[in-house]
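Let me begin by presenting the structure, written as structure tokens, before commenting on it.
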Amino acid sequence: MSHELRWNPLLREWIIVSIDRSQEIEEKSRPIYGNERFTLVLPFFAMWPLEMHIYGSIPAKMLNELNEQLRLMLADAIRAATAIYEECLGEDYAYMIIFHQAPSKGEYPEYRLHVEFYSPQLSKEKVKYAAGIEWGAGTFTYDGVPEERAAQLREAGATALTNIEHLGTLSRDT
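Residue numbers for the sequence shown follow the working numbering, beginning at 423 and rising by one.
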């Protein structure tokens, strides 16, 4: 079990959130792509319709802890994520990529390096606009069912991965 600090606008303070990242991978209904060291998954707690996260099977807390092979594996997962977005959303899609590393000061033994992708798009034609209550309360209404959105991303991945070199495989529904 790992922990993250998240801002809670209702309490106006940072709170510690416990997240069992292994649950996302073991659940097998939301993983999208994986290679030897990294898994691309749509987490059950996603706020955006096609949100994806990359989690490693390694205890690295910072990018500078990755050796050449691990950097290649992470780059492969990132490349797969962007190819899947392009297939699903078209060439002109918007997304953010966020690298989460352990804070540089202090000891954080439970923290793990991970990457998050957010796209405000629901499809090639539709954009998700967050409602005032979502921004104001910090509670997002998820547009869909995470397992169905993950299946949609895997389906896009089946085509996208034929067009790029990659080191891993698509995950499959159980």
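Glycine included, each C-beta is placed from N, C-alpha and C at the ideal position. Owing to the predicted nature of the structure, the values given are computational and were not obtained by experimental measurement.
Legend entry - Environment of L433 [buried if 16+ CB atoms lie within 10 Å]: Note that L433 has pLDDT 45, beneath the 50 cutoff, so the model's placement of it is unreliable and the number below is only indicative. It is exposed - the Cβ of L433 has fewer than 16 other Cβ atoms within 10 Å.
Inset, instruction - Below 8 Å CB to CB, which residues in the same chain sit around L494 once its five sequence neighbours on both sides are set aside? - result: L589
Legend entry - Pair within 8 Å by beta-carbon distance, A502 and Y455: yes
Inset, instruction - Look up V567 in the DSSP assignment and say whether it is helix, strand or coil. - result: coil
Legend entry - Beta-bridge pairing of L592 - partner residues as DSSP gives them: Y455
Inset, instruction - Please say whether A468 and Y564 have beta carbons closer to each other than 8 Å? - result: yes
Inset, instruction - Within the stretch 512-544, note down every full beta strand (DSSP E) run reaching 3 residues or more, in order along the chain. - result: 518-522 and 536-540
Legend entry - As assigned by DSSP and simplified to three states, the class of T561: coil
Inset, instruction - Per DSSP, which residues does L575 bridge with? Please list them. - result: None; L575 has no bridge partner.
Legend entry - Beta-carbon spacing of Y530, K483 below 8 Å: yes
Inset, instruction - Name the two residues that bound the continuous beta strand (DSSP E) containing F466. - result: Premise fails: F466 is in no beta strand (DSSP E) and is neither H nor E.
Legend entry - Same chain, Cβ closer than 6 Å to G478, five either side skipped, listed in chain order: So the qualifying residues of the chain are R459 and F460.
Legend entry - L488 (DSSP reduced to helix, strand or coil): coil
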